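Going by the numbering used here, the sequence shown opens with residue 104, and the numbers climb by one from there.
The next block holds one structure in the form of structure tokens; read it before the comments.
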Amino acid sequence: MNYILNNNDYKNRLLDRFLRYVKVWTESDSAAADNGVFPSTQRQFDLAHILQQELIELGLKEVQVTKDCYVYAYLPAKGEQYKDSKPVLLLAHMDTVDEVSGKDVNPVLESKTLPDGSSDIIIHSDGSTLLGSDDKAGVSAIMCALDYICHMEIEHSPVEVLFSPDEETGHGMDRVPLELIKSKAAYTVDGGAEGELESECFNAWAATVEFTGKACHTGDAKANGMINANLMASEFASMLPSDKRPETTENYEDFIALMETKSSIENAVSSLLLRAFNIEEIEQQKKLLEETAQKIQKKYGGQVKVNFKQQYLNMKSELDKHPEVVERLKKAYEASGVKIIQKPIRGGTDGSRLTEMGIPTPNIFTGGHEFHSRNEWVSLNSMCKCSDVLINLLSIK
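Below is the structure:
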């Protein structure tokens, strides 16, 4: 049986959940996360406890918030035909990015008439913050699907739910409670436009470039051999190829992103992201940064050190070993009347890391657009379609 969530009551419930969740400040802190603080912000527990209570009210089992701020719950199978089915894990993240403020979000609703005469509701912020649909649209869609399954007594496979902290910092799976997870397949609900189905992503490394100069009185700089780390960092950045920037690349093109530079005359530190769909390109990027660092050191003196850290790997190779996981998802899209748009993720999800850990995890759309910006928006119809996909996914034998 195919399930389409065209029930206005449940549509309104989904909207209500989303509007409540985005008003909860859950911004994570990348700097704190990189320094080992987990979760990086205690405020993420605020939404975790709200979700914990709502999952208990829906009747899920084993509901808990771990000490590391993961929300876990289990819904046993319903129906004789599903009693021996393997459990499926649904995953979304609670935090929002720290590049744009997620505090005091004021969601604005706009009614839109579609070409076929039907209507949709578009939700965005008032422009002073991001919206937080990344990934509270995913959280809302999962909660709505569970609500529908429980109250409409839909027969389904066993379901595990995990809401994670710190996905936006790249540390979302650092302390994932694998000891709780029974599923051998999972699905992140953290994608964009309706229809997107993602089973490959970037390989991701972080790079830190440290510049050490020599400070002295500016009036005697020439005589005393000043080495200005500010200039070293600035010239290093200018030497990176302009056709390898995020803003000049698309589709399967790799990039190097300069994220932040903190500098003074004596010390400067630049943080960069390396992204590519194959490892060979990552190695080329590493070589480029090291060679550029050597050129800067030779020109200015002082010292330049480059450090690399792996963040996540392209999940494609592992998912290719488990084609049934993606095929099941494709069937759920078809059952929901959703046209599949298969494309690579120019980024990563918690599913990228989870796939590395042995649980293949493709990604599902949420209906969100222009993430990580004040222009972020989401379609209510698309969020409902996401819930349709989840309901059908769990109903596939």
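Cβ atoms here follow ideal geometry from the backbone N, Cα and C, with glycine treated the same way.
Being a predicted model, the structure only gives us computed values, none of them experimental.
Here DSSP, grouped into helix, strand and coil, assigns residue 175 to strand. Each residue's CA atom was taken as its position, placing residue 299 and residue 411 some 31 Å apart.
Here DSSP, grouped into helix, strand and coil, assigns residue 356 to coil.
Minimum Cα-Cα distance from residue 413 among the listed residues 366, 201 and 389 corresponds to 389.
Residue range 211-216 is occupied by the beta strand (DSSP E) that includes residue 215.
Residue 239 is classed as buried because its beta carbon has at least 16 other beta carbons within 10 Å across all chains shown.
Under the 8 Å Cβ criterion, the region 197-215 does not count as touching the region 289-298, having fewer than three qualifying pairs.
In this structure, the beta-carbon distance from residue 441 to residue 492 falls below 8 Å. DSSP places residue 306 in the uninterrupted beta strand (DSSP E) bounded by 306-315.
Within the same chain, Cβ atoms closer than 7 Å to the Cβ of residue 277 are found at 141, the five residues on either side in sequence being excluded. Between residue 257 and residue 480, the CB-CB gap reaches or exceeds 8 Å. For a cut-off of 8 Å, the C-beta gap from residue 263 to residue 245 is around 11 Å, too long to register as a contact. Residue state for residue 437 is assigned as helix, using DSSP reduced to three classes.
A contact between stretches requires three or more CB pairs, one per stretch, nearer than 8 Å, and the region 362-372 meets this requirement with the region 295-315.
Annotated as proximal: residue 130 and residue 198, with beta-carbon spacing under 8 Å.
Straight-line spacing of the CA atoms in residue 484 and residue 120 works out to 14 Å. Look at residue 259 here: in three-state DSSP terms it is strand. A straight-line Cα-Cα distance of about 20 Å links residue 128 and residue 158. By the 16-neighbour rule on beta-carbons within 10 angstroms, residue 344 is exposed. Between the alpha carbons of residue 266 and residue 396 lies a distance of about 40 Å.
In the three-state reduction of the DSSP assignment, residue 301 falls in the strand class. For residue 482, the number of other beta carbons within 10 angstroms of its own is at least 16, and it is reported as buried.
The beta carbon of residue 191 is closer than 8 Å to those of 260, 261, 262, 263, 286, 288, 289, 290, 496 and 497 in its chain, skipping five residues each way along the sequence.
Per the C-alpha coordinates, the member of 366, 349 and 398 positioned closest to residue 376 is 349. Within the DSSP bridge table, the entry for residue 417 names no partner. In the same chain as residue 124, and ignoring 5 residues on each side of it, the C-beta atoms closer than 7 Å to its own belong to 150, 239, 242 and 243, in chain order. The beta carbon of residue 382 is closer than 7 Å to those of 306 in its chain, skipping five residues each way along the sequence. Excluding its 5 nearest sequence neighbours in each direction, residue 180 has C-beta neighbours in its own chain below 7 Å: 186, 188, 259, 260 and 261, listed in chain order. Taking all protein chains in view, the Cβ of residue 426 is surrounded by fewer than 16 other Cβ atoms within 10 Å, so the residue is classified as exposed. In this structure, residue 402 keeps its C-beta atom at 8 Å or more from the C-beta atom of residue 313. Excluding residues up to 5 positions away in sequence, 314, 399 and 403 lie with their Cβ nearer than 6 Å to the Cβ of residue 335 in the same chain. The bridge partners DSSP lists for residue 143 come to none. DSSP, reduced to helix, strand and coil, places residue 148 within a helical segment of the structure shown. Spatial neighbours of residue 175 in its own chain (CB-CB distance under 6 Å, excluding positions within 5 residues in sequence) are listed in chain order as 167, 265 and 283. Under the three-state reduction of DSSP, residue 165 is assigned to strand. Under the three-state reduction of DSSP, residue 121 is assigned to helix.
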